[in-house]
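Novice: Mapping of the sequence shown onto the working numbering: position 231 corresponds to residue 898, and the numbering continues sequentially without gaps. The structure under discussion is supplied below as structure tokens; questions concerning it will follow.
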Amino acid sequence: MARESESGLPIEPVYGPEALAGWDPAEKLGEPGSYPFTRGVYPTMYTGRPWTMRQYAGFGTAVESNARYQQLIANGTMGLSVAFDLPTQMGHDSDAPIAHGEVGKVGVAIDSIDDMRVLFGGIPLDKVSTSMTINAPAALLLLLYQLVAEEQGVSADKLTGTIQNDVLKEYIARGTYIFPPKPSLRLIADIFKYCKAEIPKWNTISISGYHMAEAGASPAQEIAFTLADGIEYVRTAVAAGMDVDDFAPRLSFFFVARTTILEEVAKFRAARRIWARVMKEEFGAKNPKSMMLRFHTQTAGVQLTAQQPEVNLVRVAVQGLAAVLGGTQSLHTNSFDEAIALPTDKSARLALRTQQVLAYETDVTATVDPFAGSYVIEKMTDDVEAAAVELMRKVEDLGGAVAAIEHGFQKSEIERSAYRIAQETDSGERVVVGVNRFQLDEEEPYEPLRVDPAIEAQQAERLAKLRAERDQAAVDSALAALKKAAEGEDNVLYPMKDALKARATVGEVCNALRGVWGTYVPSDAF
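Written as structure tokens, this is what we have:
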């Protein structure tokens, strides 16, 4: 009897040649590093060097987060990945009333260039690659990073890294939006143009399916809605006058890796194939790099359990293996204690060691695309691709990603999937080890890492000192120039950089834009 995959697609007990009847390897596979990139975006993949090992970190103050980054670098991390607290993600200063109780809790608090200077103190920004999980205020954090690099004597053309900058998925699944969709897309187009001119090696957007998956999206939904968002961003940039081959090579994606290895591998391969076809056939891309779907992967936090947390070590290893077999370009492995609290130093080190074992103690890096030609993987790749393309067609029928968001389409589809998962878990049909099967009578005590609540007061003191010391007239002038650019068609990043350099705060800059563009209110809130 056939089982169903996470996407609700059948998985047969046995696959043979008949599963691929009429299947053309040249059309479906190609060679590694060549269109349609099913087998990976680079010819040698990990046989030359492994993927970039990133560790997502950030908590409390910039001082504490900087210490964690220094430790991760010493342990062999090849790239930093910054987590920001909710006030920063929403464009509020730490002393704003709305920020109360959230300062430093799920990431580091960054209020101004002063905090950014501390966050990256002693870290050579021309040597590390930095990913920043920031969306609505992505332009601000990127400019602060550039300003700190310039203070270090590092020119912007030497900087490498990624800003997530994917606001559409915020309207769908996560909620840390600020502005309505139209000005948000305008801001993203301005970032594309700015980085092409000023920070050419920077990945200007990481189009994210991860958060949709964490909200309950199936693998097919994850790639369908993520690629639909990607299409919307490309259309926005083209409509703003950019040539597709001028910005598309810097696009990147961000996906989850679940414990269901076979479907996850199929998902990654299907996503590459769909994106290559869309970029070539719809947008007329000529540069092969414009057709490459390069992506970062994070292991599935939603699958981690507070019960028997050490079992999460096994889950994370399996999820990491799925990402590697699927051809990821970079990987963050979650720490086993993240279902309880922020990771401890030891658990963060163990998460990194998990990647290092995969890279250096297994043979999965010895050959490119180990599953190529597998009856089950190729059939599942075709099945996931077909399901994702059908969902993308429905998005297009509604008028594209933004129109579908306004109709609530993606959100309702994901909620339906999440409800199904919850029902299956509650009934025991879906086994979660330690939760609904193989439980312990009594859980072992575990001492988690906690954030000091005094951080909020400390950040407020820093802000008061900053406002007392700075040239307020220069700040006011820079913010006025930013508003004027936002009201017109000039690129807002240039006056934004001037304001941040003058020590305007994140909240002040975002409030200036709120005054021109307004804020987004979801339709179901009426």
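The beta carbon of each residue, even a glycine, is placed where N, CA and C say it ideally should be. No experiment lies behind these values; they were computed from the predicted model shown.
Which class does Gly-987 belong to by DSSP, given the choice of helix, strand or coil?
Specialist: Three-state DSSP puts Gly-987 in a helix.
Novice: Can you say whether Tyr-1027 is buried or exposed, counting buried as having 16 or more other CB atoms within 10 angstroms of its CB?
Specialist: Exposed, by the Cβ-count rule.
Novice: On the three-pair Cβ rule with 8 Å, is the segment 694 to 710 touching the segment 751 to 760?
Specialist: No: the two stretches stay apart, fewer than three of their Cβ pairs being nearer than 8 Å.
Novice: If the criterion is Cβ atoms closer than 9 Å, does the pair Ser-851 and Thr-829 meet it?
Specialist: No; because the gap between Cβ atoms is not below 9 Å, this pair is not in contact.
Novice: Note down, one range per segment and in chain order, each alpha helix (DSSP H) of at least 4 residues found wholly within the segment 1058 to 1138.
Specialist: Counting only runs of 4 or more, we get 1068 to 1074, 1076 to 1094 and 1122 to 1136.
Novice: So within the segment 887 to 920, which uninterrupted alpha helix (DSSP H) runs reach at least 4 residues, ignoring any that extend past its ends?
Specialist: Entirely contained in the segment 887 to 920, the alpha helix (DSSP H) runs reaching 4 residues are, in chain order, 911 to 914.
Novice: Under a three-way DSSP split, which group does Glu-731 fall into?
Specialist: Residue state, collapsed to three classes: helix.
Novice: Secondary structure at Ala-1192, three-state DSSP: helix, strand or coil?
Specialist: In this predicted model, Ala-1192 has a pLDDT of only 40, less than 50, meaning its place in the structure is not dependable; the value taken from the coordinates is given anyway. Correct three-state label for Ala-1192: helix.
Novice: Are the CB atoms of Phe-1003 and Val-985 within a distance shorter than 9 Å?
Specialist: It is not a contact, given that the beta carbons lie outside the stated cut-off.
Novice: According to DSSP, is Val-749 part of a helix, a strand, or is it coil?
Specialist: In this structure, Val-749 counts as strand in the three-state DSSP scheme.
Novice: With distance defined between alpha-carbon atoms, name the residue in Ser-957, Asn-742 and Arg-902 nearest to Lys-1013.
Specialist: Of the candidates Ser-957, Asn-742 and Arg-902, the one whose C-alpha sits nearest the C-alpha of Lys-1013 is Asn-742.
Novice: Quick one, which of Ala-1148, Ile-858, Met-958 and Ala-952 has its alpha-carbon nearest Ile-941's?
Specialist: Closest by alpha carbon: Met-958.
Novice: Comparing alpha-carbon positions, which option in Glu-881, Phe-921 and Lys-860 lies nearest Val-905?
Specialist: Among Glu-881, Phe-921 and Lys-860, the Cα nearest to that of Val-905 is on Lys-860.
Novice: Just grab the DSSP bridge partners of Ala-724 for me.
Specialist: Val-749, per the DSSP bridge assignment.
Novice: From Ala-693 to Thr-705, what does the alpha carbon distance come to, in whole angstroms?
Specialist: Cα-Cα distance, rounded: 11 Å.
Novice: Please return the same chain residues whose Cβ sits closer than 7 Å to the Cβ of Asp-1119, not counting the five positions on each side in sequence.
Specialist: Same-chain partners within the cutoff: Gly-727.
Novice: Tell me the DSSP secondary structure of Val-681 in three-state form.
Specialist: Three-state DSSP puts Val-681 in coil, outside helix and strand.
Novice: Considering Gly-700, what are the terminal residues of the beta strand (DSSP E) in which it resides?
Specialist: Per DSSP, Gly-700 belongs to no beta strand (DSSP E) and is neither H nor E.
Novice: May I have the straight-line CA-CA distance separating Ala-895 from Pro-886, to the nearest angstrom?
Specialist: C-alpha separation (whole angstroms): 14 Å.
Novice: Could you check whether the segment 1014 to 1026 touches the segment 1034 to 1044, counting it as contact only if at least three pairs of C-beta atoms, one from each stretch, sit closer than 8 Å?
Specialist: They do not touch, by the three-pair rule.
Novice: Using only the alpha-carbon positions, how far apart do Ile-898 and Lys-956 sit?
Specialist: Rounded to whole angstroms, Ile-898 to Lys-956 spans 16 Å at the Cα level.
Novice: What residues match up with Ala-924 in a beta bridge as DSSP calls it?
Specialist: Note: Ala-924 sits in a beta bridge opposite Thr-966.
Novice: For a quick check, are the C-beta atoms of Ala-1152 and Asn-1158 less than 9 Å apart?
Specialist: Going by C-beta atoms, Ala-1152 is nearer than 9 Å to Asn-1158.
Novice: Comparing C-alpha positions only, which one of Thr-719, Asn-802 and Arg-917 sits nearest to Ser-875?
Specialist: Out of Thr-719, Asn-802 and Arg-917, Asn-802 has the C-alpha closest to the C-alpha of Ser-875.
Novice: If you drop the 5 nearest sequence neighbours on each side, which residues of the same chain put their C-beta closer than 7 Å to that of Ala-1179?
Specialist: These residues qualify, in order along the chain: Leu-1146, Leu-1149 and Lys-1150.
Novice: Kindly indicate the opening and closing residues of the beta strand (DSSP E) around His-999.
Specialist: It spans 997 to 999 - the beta strand (DSSP E) in which His-999 sits, taken as one unbroken run.
Novice: On the criterion of 16 or more Cβ atoms from any shown chain inside 10 Å, does Leu-676 qualify as buried, or is it exposed?
Specialist: It counts as buried.
Novice: Should His-999 go down as buried or exposed, given a rule of 16 or more other Cβ atoms within 10 Å for buried?
Specialist: When all chains shown are included, His-999 counts as buried.
Novice: With DSSP as the reference, label Leu-1009 as helix, strand or coil.
Specialist: Leu-1009: strand per DSSP, three-state reduction.
Novice: Kindly confirm or deny that the segment 811 to 823 and the segment 831 to 845 touch, where touching means at least three C-beta pairs closer than 8 Å.
Specialist: These segments do not touch.
Novice: Assign His-878 to one of two classes, buried (16 or more other C-beta atoms within 10 Å of its C-beta) or exposed (fewer than that).
Specialist: The residue is buried, with at least 16 neighbouring Cβ atoms inside 10 Å.
Novice: Given this structure, state the Cα-to-Cα distance separating Ala-1124 from Asp-762, to the nearest angstrom.
Specialist: About 8 Å.
Novice: Thinking just about the alpha-carbon of each residue, which of Lys-1168, Ile-1122 and Glu-1128 is nearest to the one in Asp-1143?
Specialist: Of Lys-1168, Ile-1122 and Glu-1128, the residue nearest in Cα terms is Lys-1168.
Novice: Could you pull the start and end residues of the beta strand (DSSP E) that Met-712 belongs to?
Specialist: First-last for Met-712: undefined, no H or E at that position.
Novice: In its own chain, which residues sit with a C-beta less than 8 Å from the C-beta of Glu-949, not counting the 5 before and 5 after it?
Specialist: Closer than 8 Å at the Cβ level, and outside the excluded window around Glu-949, lie Ile-898.
Novice: Have a look at Tyr-1187 and Arg-1181 and give me their C-alpha separation to the nearest angstrom.
Specialist: Looking at the two C-alpha atoms, the distance is approximately 10 Å.
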